[in-house]
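> In the working numbering, the protein residues as written are 67 to 167.
Heads up, the beta-carbon is just placed ideally off N, CA and C, and yes, glycines get one too.
I have a structure here, written as structure tokens, and I will follow up with some questions on it.
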């Protein structure tokens, strides 16, 4: 899987969500709106992932493996869970490879 595949899956999920409420988007615009001031805007679900990182990491320095492990634990209707499902990601395999499963 590459970045373009993930972006296409995100765009498809966005189109499906809009269609479910009778809307369409002529130009969906960028997937991520970018920074507002010096902060990147985060959804409540994304904030929850970062809040849980300290617990996940324990005394270790927080690394990308901790972030990925936290994302793997998200459930529907979280967008991360929907994206992993759309991409066919086996979360159990990922957690095992990270040593967390």
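(1) Contact between the region 72–92 and the region 144–158 is defined here as three or more beta-carbon pairs at a separation below 8 Å; is this criterion met?
(2) Give the straight-line distance between the Cα atoms of residue 165 and residue 92, rounded to the nearest whole angstrom.
(3) Apply the 10 Å Cβ neighbour rule to residue 84 and answer buried if 16 or more other Cβ atoms are within range, or exposed otherwise.
(4) Verify the CB distance criterion: does residue 71 have a CB-CB separation below 7 Å to chain B?
(5) Residue 128 to residue 163, Cα distance in whole Å?
Walking through what the data contain:
(1) Verdict: yes, contact present.
(2) Cα-Cα distance, rounded: 43 Å.
(3) Looking at its Cβ environment, which holds fewer than 16 other Cβ atoms inside 10 Å, residue 84 is exposed.
(4) Annotation note: the requested chain B is absent from the structure, which comprises a single protein chain.
(5) Each residue's alpha carbon lies about 17 Å from the other.
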